[in-house]
Amino acid sequence: MIPPILIELAAQFLVLSLLSIGGANAVIPEIHLRAVETEHWMTDADFAQLFA
C-alpha cells in the first residue's frame, strides 16, 4: 500500500510540472510555497539547504 503522503507529494509535483515551462528555477518559489508554507513538510532553513 502506498502511503498517503507519497500520493499527496506526487499530486503536488504533477501540478507543478504544468508550470515548469521556464525550467526548474521557474517553479522553486511555488515549491517553497507548497512545501514550507502550505503543507509544512520542511522549514525555511531545510528548504534553503536543499536548494542552495
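When we follow my numbering, the leftmost residue of the sequence shown carries the number -5, and every step to the right adds one.
Virtual Cβ for every residue (Gly too), placed ideally from N, Cα, C.
Q. How about F41 and V30: are their beta carbons less than 8 Å apart?
A. yes
Three-way DSSP call (helix, strand, coil) for I(-4) in this model
coil
DSSP state of G17, grouped into three classes? coil
- How big is the Cα-Cα spacing for I(-4) and Q6? 16 Å
**Request:** Mind checking which residues open and close the alpha helix (DSSP H) that includes A39?
**Result:** Unbroken alpha helix (DSSP H) run through A39: D38 to F45.
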